[in-house]
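Asker: Going by full-length UniProt numbering, the letters in the sequence shown line up with residues 1 to 239, in that order. I have a structure I would like to understand better, so I am pasting it below and will then ask my questions one at a time.
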Amino acid sequence: MTTLLSMSLGGSILILITLLMRPIIRKWCSGRAALMVWSLSVIRLVCPLFLPVYMSFYSYFTVTGNPYTPEEIINDFSVASAELPLSRLVIESYFSDKINWTALKLIWLAGAVICCGVHLARYYRNCKQLSESLPADRPYIRQWQDAHPLRRPYQIRVYDRIPTPVVYGLIRPVILLDKESAEADEKQLDLILTHEYLHIRRFHILIKWLIFLTCVIHWFNPLVWLMGYIVQSDIEADC
Numbered sequence: 001m002t003t004l005l006s007m008s009l010g011g012s013i014l015i016l017i018t019l020l021m022r023p024i025i026r027k028w029c030s031g032r033a034a035l036m037v038w039s040l041s042v043i044r045l046v047c048p049l050f051l052p053v054y055m056s057f058y059s060y061f062t063v064t065g066n067p068y069t070p071e072e073i074i075n076d077f078s079v080a081s082a083e084l085p086l087s088r089l090v091i092e093s094y095f096s097d098k099i100n101w102t103a104l105k106l107i108w109l110a111g112a113v114i115c116c117g118v119h120l121a122r123y124y125r126n127c128k129q130l131s132e133s134l135p136a137d138r139p140y141i142r143q144w145q146d147a148h149p150l151r152r153p154y155q156i157r158v159y160d161r162i163p164t165p166v167v168y169g170l171i172r173p174v175i176l177l178d179k180e181s182a183e184a185d186e187k188q189l190d191l192i193l194t195h196e197y198l199h200i201r202r203f204h205i206l207i208k209w210l211i212f213l214t215c216v217i218h219w220f221n222p223l224v225w226l227m228g229y230i231v232q233s234d235i236e237a238d239c
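Below you can see the structure in the form of structure tokens.
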């Protein structure tokens, strides 16, 4: 659990730095560059970087056949402190005796399960929408798709119960159009399809999945949810 809290603390620092730099990033960088900057925070949040093999502080004070002298204990503690990241050192030093870690793990697990449950409910709803949708039979849409091939096969379908177009799927993506968009004039329809096509081509669905994974792991961290909201807007700006 200390590893998770250390990752969350380190990621929060990177998120705050990115937020401070955001005015500069938005002015001078593209949406894709902004997503690359955010990827540093995501990597720090999901990967236990800079965390050496764990050694409990209590092990330095365990009585053995050859007990340490006070000088050796101090020297060993100094070496271990230098090897541990600051965030984890603070957590272990100040909270190891004050927190019921078992209860904390159960609370974290419950929150993660709830987040996954909400996402699975949305996934079920999306699958239902796809199953009820119809293939786009407008000739212009078929011509447009032929002119915009991808290595991954994708479909363009129509569903009259969604407010705006949306993209589903990573391996076999689907552009799901609302009825109004599917019946729009060719110029407007071209803009809509191009926008959704770029979502597929630039693997924005994969980015959204990574953000979702990060939010599940760090559901207790409001900065992570703020990052997810901003990344969503940067994804739209990348199109």
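Beta carbons: idealized from backbone N, C-alpha and C, even for Gly.
With C-beta atoms as the reference, is Met1 less than 7 Å away from Leu45?
Answerer: No, the pair does not count as a contact, with Cβ atoms beyond the cut-off.
Asker: Grouping DSSP H, G and I as helix and E and B as strand, with all else coil, what is Arg202?
Answerer: Reduced to three states, the DSSP call for Arg202 is coil.
Asker: Thinking just about the alpha-carbon of each residue, which of Tyr197, Ser12 and Leu4 is nearest to the one in Leu226?
Answerer: Of the candidates Tyr197, Ser12 and Leu4, the one whose C-alpha sits nearest the C-alpha of Leu226 is Ser12.
Asker: To the nearest angstrom, how far is the alpha carbon of Val216 from that of Trp209?
Answerer: Going by the C-alpha atoms only, they are around 10 Å apart.
Asker: Would you check if the region 141-151 and the region 164-172 touch, i.e. whether three or more CB-CB distances between them fall below 8 Å?
Answerer: Contact fails: fewer than three Cβ-Cβ distances are below 8 Å.
Asker: Do Asp160 and Ala34 have their CB atoms nearer than 7 Å?
Answerer: No; because the gap between Cβ atoms is not below 7 Å, this pair is not in contact.
Asker: Assuming Ala136 contacts Ala103 under a Cβ cut-off of 8 Å, what Cβ separation, rounded to an integer in Å, is found between them?
Answerer: Not quite, the Cβ-Cβ distance comes to about 53 Å (not below 8 Å), so this is no contact.
Asker: Can you tell me whether Leu4 is helix, strand or coil according to DSSP?
Answerer: Helix.
Asker: Going by DSSP, what residue range makes up the beta strand (DSSP E) through Leu176?
Answerer: Element bounds for Leu176: Val174 to Leu177.
Asker: Determine the contact status of Thr214 and Val37, defining contact as a CB-CB distance below 7 Å.
Answerer: Not in contact: Thr214 and Val37 (Cβ atoms no closer than 7 Å).
Asker: Secondary structure at Arg44, three-state DSSP: helix, strand or coil?
Answerer: It is helical.
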